[in-house]
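Here the sequence shown stands for residues 19 to 410, where the numbers follow this note's numbering. Below is one structure, written out as structure tokens, with a few remarks after it.
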Amino acid sequence: MSSGFDFDHQINRTATHSVKYDGRQAIFGSSEVIPAWVADMDFAAPPAVTRALIARAKHPIYGYTLFPDSIYDALIHWMKRRHGWNIQRDWIILCPGVVPSINAAVMAFTQPGESVIIQPPVYFPFFSAVTQTGRMLIQNPLLLQNGRYTLDFDHLEQCAKQAKLLLLCSPHNPVGRVWQPNELERLLQIAEKRNLIIFSDEIHADLIYPGNQHPPLAVIAKNNAKIITAVAPSKTFNIPGLNLSALIIPDDSVRSTMTKIFDNFHVSASNPFSIAAFEAAYQEGETWLEALLIYLHDTRDCVEAFLAEHLSEIKAIKAEGTYLLWLDCRAMNMTDAQLKHFFVHEAGVGMNPGTQFGKEGSGFMRLNIGAPRKSILSIMHRIKQAWHNKNN
């Protein structure tokens, strides 16, 4: 229990058509694994969100819906208060999710055969947004040095000579890095030199641990670069199923191009329930978020301590943000296929194999800690027991 919010309460999500739970058999071949993969949390959304959804549901007509002024105001005030970014209403494009927006940006700013840069190991839709649209993938892998990932700027300089668009993950999924201002400044210098447009996926920007601070890339650029910033309440407030996000684009020409591509799709994001939840989350969810961050921070530290004491063959890369832990399992001396089999069929734990995030993820697993701590500790004990059984 923290600040009146009970994050220890375990909620049964089975039979709710949950991808995370009801999809276990299809994904892992077993419905018995503890699921710790897809990035949604097992916590109830902020009470204000539930109240807003109930209030909207009480009106029995769910017709085509406009975006009210208040939804823009909610986002503007949130970005100023939490991130020190003064954004203007006409910079905002409300859209149906960050992943569709990544695909839209690839199609808007590149032609088939042109190149897009990604920085693996990285969220896997970054790959498909490029390859499935006939564009060329240029990979600028992150560097792992002394247990911490960094950007490879020298290599990025070479990559940028051939590309038109860079897909940046900030904070980074899956490695948990929160990029620092000096890192982002150097990245911006390269982008300006090569006239790169940057799509900055900042969906985890509100999930930052103590000792770290997320600087929006556009703030570092003083709103003067060709940057598309993607944000959403979905990860922050655990409402990803409602599929409403926002792009913040200060540059008029870039924003106009993105608006045209969405207009061509004829896809509306104006779901009356999504609007109600989006607005309530940003207007009234801050106290809940502060309590959540304390809980997640303690869970992260708990996992690190457990591994250090009981499973030294697995090391958690120190997460600076997100509720996703990147586990280095290379000392277990297994192939990726063997790792997957071990965790699923011997430990009974459903995580994302590192190879989903690129070949740089070989030997790693991604663990979602957005669940009651009892569930996360059950995962740790299952892995510990399975590893003991395997080696005795």
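Yeah, the Cβ is synthetic: ideal placement off N, Cα and C, and Gly gets one too.
query	result
If distances are taken between C-alpha atoms only, which option among R69, L174, I293, N256 comes closest to D87?	I293
Within its chain, find whatever has a CB closer than 7 angstroms to the CB of I397; leave out the 5 residues flanking it on each side and keep chain order.	I52, A54, V367
Give the DSSP-derived three-state secondary structure of P53 in the structure shown.	strand
What residue from D346, A209, M350 has the CA that sits closest to G379's CA?	D346
Just the C-alpha distance for T317 and R391, rounded to the nearest angstrom, thanks.	6 angstroms
When you compare each of I401, K336, Q198 to L162 by their alpha carbons, which one comes out closest?	K336
Would W109 and I266 be called neighbours here (beta carbons separated by less than 8 angstroms)?	yes
For N445, does the count of other Cβ atoms within 10 angstroms reach 16, so buried, or fall short, so exposed?	Missing from the structure shown is residue 445; the chain here goes from 19 to 410 and no further.
Given a cut-off of 8 angstroms on the beta-carbon distance, is the pair Y341 and L155 in contact?	no
Among the residues of its own chain, which have a CB less than 6 angstroms from the CB of V56, if the five just before and after it don't count?	V37, K38
Closest by CA to C187, which one among T168, I45, Q43?	T168
Within the continuous beta strand (DSSP E) that includes C177, where are the two ends?	From DSSP, C177 is part of no beta strand (DSSP E) but of the alpha helix (DSSP H) over 171-178.
Quick one: using the 10 Å Cβ neighbour count with 16 as the cut-off for buried, is E13 buried or exposed?	The structure shown does not extend to residue 13, since the chain spans only 19 to 410, so no value can be given for it.
Give the straight-line distance between the Cα atoms of I238 and F61, rounded to the nearest whole angstrom.	33 angstroms
Per the DSSP calculation, G339 is bridged to which residue(s)?	I226
Could you tell me the distance, in whole angstroms, from the CA atom of M19 to the CA atom of A223?	Unreliable positioning characterises M19 in this predicted model, as indicated by a pLDDT of 46, which lies under 50. The coordinate reading is nonetheless provided below. M19 and A223: Cα-Cα distance of roughly 24 angstroms.
S20 by DSSP, collapsed to three states: which one?	For S20, the predicted structure reports a pLDDT of 46, less than 50, and the residue's modelled location is therefore unreliable. A value from the coordinates is still provided. Of the three classes helix, strand and coil, the one that applies to S20 here is strand, per DSSP.
Under three-state DSSP, which class holds L329?	coil
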